[in-house]
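Data first, discussion second: the structure below is written as structure tokens.
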Amino acid sequence: VVRNEIANPSEGITDVFLASHGWQGDIPAAIEQYDRWVGEMARSADREAAHSARPGFKSIVVGLHWPSLPFGNEAPPADQGGEGGLLGAEDEPDIDAQVEQYAASIADTPKAREAIRTILLANREDDGSSKTLPTDVREAYQTLYAEADLDGGDGDPGAPPGADREEFDPDAIYEAARVNAAAEEEEATGGGVLDGGFLDKLKGFVVAPLQQMSFWKMKDRARAIGESGAHALLARLMKAARPETRFHLMGHSFGCIVVSATVAGAPGGEKLPRPVDSLFLVQGALSLWSYCPDIPMARGTAGYFNRTLKEGFVRGPIVTTRSRFDTAVGRLYPTAVRLGNQFVLADDLPKFGGIGTFGAQGLGALAVDRELGAADTDYGFQNGRVYNLDANGVIKNGGGFSGAHSDIAHPEVAHVMWQAALTPP
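Be aware that the sequence shown starts at 2, since it is given in our numbering, and climbs by one per residue.
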């Protein structure tokens, strides 16, 4: 239906907006997110400006839906119980339901299910006093990792999303989660003596490695969907559209991997019929080095999506947002890799980290750092440039596990999308 509408000359579609959500568990949740995004775009004064700047302007929005359970449950894990743990220890959700959800996001085999159940039961019994994982839990993690068939883990920051990480070490992940919680508690108390209930804040970290496996699997799934079905869909829409029809892609969270892979396609695979006209990556849960031609701590290695810039797959601007209030990307992404020697600094930037925290890095003069301004800001976007927008003043509301990660439905954010889309060719 969408293809026919784009292809129909009488419809006069001039611009196609293709969007991908991040971690949403089902179709109603995805629709709700798209309603908020499109609602902000529709209310924006830029909509009228588009008609003035380009007579005959008529757009259509295509929202992708993909299976994207991030951590085995729909609610942010910290919202289920204690403040410190990744999964609440005070409330006890149904174990069978949790096993189903984690199996769907990591590996759905009998061995995987048994391992997941062992981990979840141990998490319930965790009192926060142990500094190491129980032996049966450690063995369960090794079984689950084998069943998950996760590629990568050799420390290559230029590897495909999901494989751009170090070797899986459940003990190190567990320890890092506890250390981070202790550091946050100390910061909250001003460096004073930790309160008597501190052990309560260390409950529930037994599932920290489980969260990381879900995180890596979700990144891999987003890449695979973008490179296959979404890339093929965009190619079909482009072939059906008039030559002057412009295409704009926008992603949020893991959806930034989806749209990046949609534009680039699989390495060595068929390319899109033509470049896209703008790419907007909002609080991206993909590597800050994704578009880099030569990663500083891995010289001679390009970011996985660098070919997008190298081969000109985007002829307009590429825009990113980052916010320190996005705790999902700002804490979980580094937590997944900030272990042992994995957090290697170069120019104060990590080996592994998210665009939603750092922007797209390693691009030299091609990238421009700016602040996300008011809804009438003239950004002066230029074709072929990358713009990293500091969104601390706008994307800042939220709490629990995700923080402001999904706080993106703002007039200021919608204005950026319009400004990128209306950049003169």
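Idealized CB from N, CA, C, for every residue including glycine.
- GLY394 carries a coil assignment under DSSP once its states are collapsed to helix, strand and coil.
- Under the DSSP assignment, PHE248 falls in the beta strand (DSSP E) whose first and last residues are 247-253.
- A residue is called buried when at least 16 other Cβ atoms come within 10 angstroms of its Cβ; GLY57 does not meet this threshold and is exposed.
- Taking C-beta atoms as the reference points, TYR292 and LEU273 fail to come closer than 7 Å.
- Out of ARG125, GLY269, ASP128 and ALA299, the CA that lies nearest to the CA of LYS352 is found in ALA299.
- GLU33 and GLU167 have their C-alpha atoms some 36 Å from each other.
- Note on the region 211-284: whole beta strand (DSSP E) runs with a minimum of 3 residues are 247-253 and 279-283, in chain order.
- Counting of Cβ neighbours within 10 angstroms places THR321 among the buried residues, the total reaching 16 or more.
- Annotation for ARG371: TYR380, TYR388, ASN389, LEU390 and ASP391 place their beta carbon closer than 8 Å to its own, counting only its chain and skipping 5 residues before and after.
- HIS52 counts as exposed, since fewer than 16 other C-beta atoms from the protein chains shown sit within 10 angstroms of its C-beta.
- By the 16-neighbour rule on beta-carbons within 10 angstroms, GLU271 is exposed.
- ILE296 sits in coil when the DSSP states are folded into three classes, being neither helix nor strand.
- In its chain, beyond the 5 residues on either side, THR119 and ALA123 have a beta carbon closer than 8 Å to the beta carbon of ASP137.
- Just so you know, the alpha carbons of HIS232 and GLY156 end up roughly 28 Å apart.
- In this structure, VAL369 keeps its C-beta atom at 7 Å or more from the C-beta atom of PHE314.
- Of all alpha-carbon atoms in ASN393, VAL259 and VAL417, the one lying nearest the alpha-carbon of SER288 is that of VAL259.
- Note that the C-beta distance between TRP217 and LEU151 is below 7 Å.
- For GLY304, same chain residues with a beta-carbon under 6 Å away, outside a window of 5 residues either side, are GLY159, TRP290, SER291, TYR292 and CYS293 in chain order.
- If one requires a minimum length of 3 residues, no beta strand (DSSP E) run lies completely within the region 100-132.
- A direct Cα-to-Cα measurement between MET219 and ALA286 gives close to 10 Å.
- In this structure, the CA atom of THR378 is about 30 Å from the CA atom of LEU235.
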